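K.L.:
Just dropping this structure here.
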Amino acid sequence: MNRFDTTPYRRSTVGFDRLFDLMERQARNAGGDNYPPFNIERRDDDEYRITLAVAGFRPEDLDITAQQNLLTIHGRKRDDQPEGDMLHVGIANRGFERRFDLADYVRVENADLKDGMLVIDLVREVPEAMKPKKIAIGGQKPLEIVKDDDDSAAA
């Protein structure tokens, strides 16, 4: 059994419950279904791309749902019947559901289906209020640029 014990970390941290729950859930599901195969690519500091191999699926067969911290891709199996007798069926034609847990502030920017590859572009947009800021010590106001009298006269 693949079990990752997060108890020592839970004892010494505050507010990381979601992260530890995610790690434990992923460890439990590690031996799950690998269909359809996919890649996750980091394209820049705040840009990612997920590519799924969905040969045989049309855009109307796929549903992509993004909600808070979860991206779900659902493919519906078509009931197309071949015209002749199938002697060998080696191309998977089955429905699937693939889930990706997303970090805070990650949103889907674009999705495209081309040549049997579903490409989903993701972007992390941290709100201005959450970005790091310099804090003045002792409540002192930050230094301001001093303007010369010559600069104000020229303007």
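Residue numbers for the sequence shown follow numbering that gives the first Met the number 0, beginning at 0 and rising by one. Each residue gets a CB set at the ideal place from its N, CA and C atoms; glycine is no exception. Given the structure is predicted, the values throughout are model-derived calculations rather than measurements.
In this structure, what does DSSP give as the bridge partners for His73?
P.N.:
DSSP, once it has assigned bridges, lists Asp62 and Glu96 as partnering His73.
K.L.:
Please name the residue in Gln80, Ile63, Asp78 and Asp79 whose C-alpha comes closest to that of Ile72.
P.N.:
Comparing Cα positions, the closest option is Ile63.
K.L.:
Between which two residues does the alpha helix (DSSP H) harbouring Thr6 extend?
P.N.:
It spans Thr6 to Arg10 - the alpha helix (DSSP H) in which Thr6 sits, taken as one unbroken run.
K.L.:
Just the Cα atoms here: how many angstroms apart are Glu40 and Arg9?
P.N.:
For Glu40 and Arg9, the distance between alpha carbons rounds to 30 Å.
K.L.:
Pick out whichever of Ala65, Arg106, Leu86 and Ile90 has its Cα sitting closest to the Cα of Arg97.
P.N.:
Among Ala65, Arg106, Leu86 and Ile90, the Cα nearest to that of Arg97 is on Ala65.
K.L.:
In or out: Val88 buried (at least 16 other Cβ within 10 Å) or exposed?
P.N.:
Exposed, by the Cβ-count rule.
K.L.:
Give the straight-line distance between the Cα atoms of Met0 and Gly74, rounded to the nearest whole angstrom.
P.N.:
Confidence at Met0 is low in this model, with a pLDDT of 47, below 50, so its placement is unreliable and no value can be given for it.
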